[in-house]
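Okay, so here's the structure we're looking at.
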Amino acid sequence: MEDFVYFFTFQDPSILWVVLGIMLLGIGSAYVGTFSFLDKKALLGDAISHAVLPGICLGFMMAGEKNPVYIVTGAFISGGIATFLSSWLKQNTKLSEDTIIATILSVFFGFGIVLLTSLQKSGNPEIAGLNSFIFGNAIGISEADLMLYGGLSLVIIVVLTLLLKEFRLMVFDPQYGKAIGFPMKTISFLFNVLMILAVVIGIQAIGVVLMAALLITPGAAARFWTDRLNPLLILAAIFSVLSGILGTYVSFVLPQMPTGPWVVVFLSLFALISFLIAPKSGIVSRFISRKKYLRKTHRDHLMKGLYKAKEEGKESLPIEEIYELYPYQKAQTTKSISELITMGFIARNQQTIELTERGNSEAMRIVRLHRLWELYLNESMNIAPDHVHDSAEQLEHLITPELEALLEKRLNYPALDPHQETIPREKNDLR
Amino acid sequence: MITQVENPILEIHDLTVSYDQNPVLWNVDLSLPAGNLIGILGPNGAGKSTLIKAIMGLITPTSGYVKVFDKPLNDVRARISYVPQRESVDWNFPASVLDVVMMGTYGKLGLFRRPGKKEKDLALKSLEQVGMNGFVNRQISELSGGQQQRVFIARALAQEADLYLMDEPFAGVDMSTETAIFQLLQEMTAAGKTVIVVHHDIHSAMTFFDWMIMLNLHLVASGPKELVMNEEMLRKTYGGKLNLLTRVTDMIRQKDFNPLKS
Amino acid sequence: MTFDSNAFLIIFTGSLIAISCGFLGVFMMLRKMSMTGDAISHAVLPGIVIGYFVSGSQRSLEVIIGAGLLGILATLMIDWLRKKARVQLDASIGITFTLLFAIGIILINLLAYKVDLDQECVLYGEIAYLPIDSWITKSGLNLGPRITWLAGLNFFFVSGFIYLLFKELTLTSFDENFSSVMGIPSKGVNLALMSIVSYTTVSSFESVGAILVVALLVVPPATAFLWTKSLMPLLKLTAGLGISISVLGYYLAYWIDSSIAGMMVTVAGGLFGISVLIHSKKPSWLRGTSSVKEPFGV
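Residue numbers (our numbering), protein chains in the order written: chain A, 1 to 431; chain B, 1001 to 1262; chain C, 2001 to 2298.
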């Protein structure tokens, strides 16, 4: 707890620096990552992040120490070569895209490991810091590093914000962009540069192996909450910043813990929660709205049963008879009855049930939709009268008033359905 | 205009198919006679391939069922063959023409057993039937589109099935080859096999098919050629989609889940 | 050069692993699932750590079972994300493997006092120490290096698997729909392949490292694919490449004193590069004059 307060009150300026750095970095990579996710290039980011390892090692060799400028430059160059190769191979060989990405990823990484091992055997005392590039160590970032990484993040954020319109075109409709005279090739080149930059600065905190998560997961998680680009970018940035800070906190409390894995775990947690509970497309909300819909269909069917009884001249039905209409569903039926009473559609009179006036017109509407759809299937889709019932049983719950009006017009306000039953309408219905 | 038949080889009962949440085929209900060359016609996006895939069990229908030879599909798989669209596979796959045609015999071989001389002879015979015997050892990526199509037909032939379903087998095939293959299909149906072909050219359809299925999101017609090939049916099939049906489809797509699934 | 039994053992073991991975990799590549292979090889890590923790030994059955389960879990998770949560495939792969790998690393750190695994070993493996890690029976009989036996066993399983299911693997890789129509259980074949890939990953991770297994799964098949036109030659060439990679990788690593596994991958990359230059469709700077179009526009 003390640690928690100490960390989150930012008393220690070095913590403040690190958190600030993580925030900038998180926003930058979430921005770039969301675009690459939408552009279906998520795994290219994975390849690039593995591919920067040899560049880091070469940068280290050139400088002879852990100099951030050399390392960032080296990483950028080898990331660039990997990106170039992946598109070149795609155009010039028969290999499929995923093979190309996996090849580049593993070959660059393997070569990086060779360099790293030789460096380790060289006995340079500064080499220990190099290992943090594999799994990331945000706490180990020095102030000088931070200036460089933070500055580059800022560049990414500014460029992406200024060219939002262009990048949106690149993701959603590059053909159209080309047609209206945008230099799409330059835009996509620029985007690749930004992506490599984002990877290069992200690996210090996350590490090369897991960097892909920082690019992919925020966008994928945010996608569940919104369909629009701006909120998507903001949400992705929030997810990634929060995970970044939480991950840094863990490696502050447990110093032997690398930051990267924890950032990834928190990010995945946000993603999982989004998959489950996001409104509309989340799994839980899809499940709930389906359950709700099933309850509505059951209520609709019950009212239809009452209405049909009325057609046969029975003003009300005994409860027992209603239970018999839906065998094995007694609990559900009881629930539907009490719900319908609350809604004011049916009234209970000791052991019998009848439709109220409102209930009557609602039931009539459902029956009308059922019979209209049956007639539509029969007349417009050539379906035999004995085959139309099942489909109408589903559509009667779905047809909106506008569709109903269209159906009426299309069928010319018919009086009878294919089974010669009356299509019921209110008396004052205008023809 | 839907003609139902006694003792059908294929029976489709109230089939509705959706991709994700998008209904693409509504309430198809038909039965087909054995020993016929049957064409499935309709505009782009009418659900022709979807119908074939649903018959083969490659897509699970939202509702309805299919019976082949009066049995559930899984009991009679060995008697059914399939020619998928040419674009559905990667032709860079390292295999020769003979390798691909031999694949047709794998179903009957069962697990673990390897194809032998008998299977090879069968494959060679099938290649001869489609006029590809000069290309036995050719790598498949080196073939033209029409030749690839013929290899797929030969593969289906090597399966020695009773019912053949072919998805656009004439796409990219030149006129003379198309006629030759049609003649081959006619010989097969004369020998009692049933062949169902997704096709888009009405002229050759008129010449070669015995029976036609016309689709446009729903079943417009199914029956002997003479009965269904008329102006009214063609207008219903090709004269644009039903406005109301498209609206209902849109409405369903915007739901959070597929309400048609029971 | 005199016969160096240690060098021979390392090269022999390396070749066995490279061939096993290459054989499986050919089918993964043809199914366009190379990245799934990559994901599996990352994802088995928590299984290895838990297996190690439970059994207290790195060489136990629990480790293999744990990793196998995690490999299958990863495949199922990718599938679940794609179908149930409706996340696009590439992102599903990315999310799955990063999460599982991260959990593995965290577990290693948490259980560091109990589990003598270090991150470096998991990443790059230590094939160089193989000759000193012998399998000694209770009666004291030295049967030779343990890892070589493991690699041999794995090689036996992989070859047997491919021999028995050759036609099913081929057909489901080429045309999954057609095989389903014929009643070949393509889902089952797929799951079996994923399981054996996970098993291979585990049994190789000690020697070449989890991540470098990916290289052996992907690079030799990709290289051989550029040279061959049918499946048998493709498999044979992949095996040949596996052996040459081991030989060259060992001696180069010996020469510059670096990681053997890393060097094997570098050699594989070199051979791949040469093959690409010879076989690219339009070798722009070697033969032709046309410039590369859209170099960065993937």
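C-beta: ideal position from N, C-alpha, C; glycine also. Note that this is a predicted model, so its numbers are computed, not measured.
Item: Determine, for C/K2167, whether the minimum Cβ-Cβ distance to residues of chain A falls below 7 Å.; Value: no
Item: Counting only Cβ pairs nearer than 8 Å, list the residues of chain C close to A/A236.; Value: Near A/A236 there are no residues of chain C at all, since even the closest Cβ is about 12 Å away, more than 8 Å.
Item: Kindly identify the DSSP beta-bridge partner or partners of B/A1263.; Value: The question about residue 1263 of chain B has no answer, for chain B in this structure spans 1001 to 1262.
Item: Distance, Cα to Cα, A/I127 vs A/L169?; Value: 44 Å
Item: So with Cβ pairs under 7 Å, would you call C/G2051 a contact of chain A?; Value: no
Item: Restricting to Cα atoms, I'd like to know which of C/I2196, C/L2217, C/I2184 is closest to C/K2032.; Value: C/L2217
Item: I want to verify the contact list: residues of chain C whose CB lies under 8 Å from the CB of A/W262, in sequence order.; Value: A2102, I2106
Item: In three-state terms, what does DSSP make of A/S251?; Value: helix
Item: Return the chain-ordered list of same chain residues with a C-beta closer than 8 Å to the C-beta of C/T2289, the five sequence neighbours on each side being excluded.; Value: Unreliable positioning characterises C/T2289 in this predicted model, as indicated by a pLDDT of 42, which lies under 50. The coordinate reading is nonetheless provided below. For C/T2289, where only same-chain residues beyond five positions count, there are no Cβ hits under 8 Å.
Item: Select from A/A347, A/G202, A/L164 the residue whose C-alpha is nearest the C-alpha of A/P231.; Value: A/L164
Item: Assuming contact is defined by CB atoms lying nearer than 7 Å, are A/P418 and A/L375 in contact in what I supplied?; Value: yes
Item: Using three-state DSSP, classify B/W1026 as helix, strand or coil.; Value: strand
Item: Where do the N-terminal and C-terminal ends of the beta strand (DSSP E) with B/D1014 fall, by residue?; Value: 1010-1019
Item: The alpha helix (DSSP H) with A/E434 in it runs from where to where?; Value: It is not possible to answer for residue 434 of chain A, since the shown part of chain A is limited to 1 through 431.
Item: A/V456 to A/G33, Cα distance in whole Å?; Value: Since the first residue of chain A shown is 1 and the last is 431, residue 456 of chain A is not available in this structure.
Item: Could you name each continuous beta strand (DSSP E) segment of 3 residues or more that falls completely within the region 1029-1090 of chain B, going from the start of the chain to the end?; Value: 1037-1041, 1063-1068, 1080-1083
Item: Looking only at its chain, what residues have a beta carbon closer than 7 Å to the beta carbon of B/K1241, apart from the 5 residues adjacent to it on each side?; Value: N1216, L1217
Item: Could you name the residues of the same chain whose beta carbon sits closer than 7 Å to that of B/V1101, not counting the 5 residues immediately before and after it, in chain order?; Value: A1123, S1126, L1127, V1151, A1154, R1155, A1158
Item: Can we say the region 2148-2162 of chain C touches the region 2089-2096 of chain C, given the rule of at least three CB pairs closer than 8 Å?; Value: no
Item: Taking only beta-carbon atoms, is A/S122 less than 7 Å away from chain E?; Value: Considering every chain present, this structure includes no chain E. Its protein chains are A, B and C.
Item: Determine the closest residue to C/D2175 out of B/L1051, B/D1090, B/L1010, with distance taken between C-alpha atoms.; Value: B/D1090
Item: Please decide whether C/G2273 counts as near chain B, where near means a Cβ-Cβ distance under 7 Å.; Value: no
Item: Report the residue ranges of all alpha helix (DSSP H) runs contained in full by the region 2074-2114 of chain C; include only those spanning at least 4 residues, in chain order.; Value: 2089-2110
Item: Using three-state DSSP, classify A/T9 as helix, strand or coil.; Value: coil
Item: How far does the beta strand (DSSP E) with A/I127 in it extend, from its first residue to its last?; Value: No beta strand (DSSP E) holds A/I127; DSSP gives it neither H nor E.
Item: How is B/M1229 classed by DSSP in three states: helix, strand or coil?; Value: coil
Item: On the CB-based measure, 16 or more other CB atoms within 10 Å of its CB, does B/D1099 come out buried or exposed?; Value: buried
Item: Leaving out five residues on either side along the sequence, give the residues of the same chain with a beta carbon under 6 Å from the beta carbon of B/N1092.; Value: S1141
Item: Hey, quick one: how far does the alpha helix (DSSP H) through A/A405 stretch, first residue to last?; Value: 401-410
Item: Quick test of your reading: C/P2220 and C/G2071, contact by CB under 8 Å. State the CB separation rounded to the nearest angstrom.; Value: That pair is no contact at about 21 Å.
Item: Relative to the C-alpha of A/G110, which residue among A/L53, A/G151, A/L85, A/G59 is closest?; Value: A/L53
Item: Quick one: does C/S2230 have its CB under 7 Å from some CB of chain B?; Value: yes
Item: Residues in the same chain with beta-carbon distance under 7 Å from A/V435, minus the five sequence neighbours each way, listed in chain order, please.; Value: Because chain A in this structure spans residues 1 to 431, residue 435 of chain A falls outside the shown range and cannot be described.
Item: Quick one: is A/Y249 buried, meaning 16 or more other Cβ sit within 10 Å of its Cβ, or exposed?; Value: buried
Item: What are the start and end residues of the beta strand (DSSP E) that includes A/I346?; Value: 346-349
Item: Should A/F7 and A/F252 be called a contact, given that it needs their Cβ atoms to be closer than 7 Å?; Value: yes
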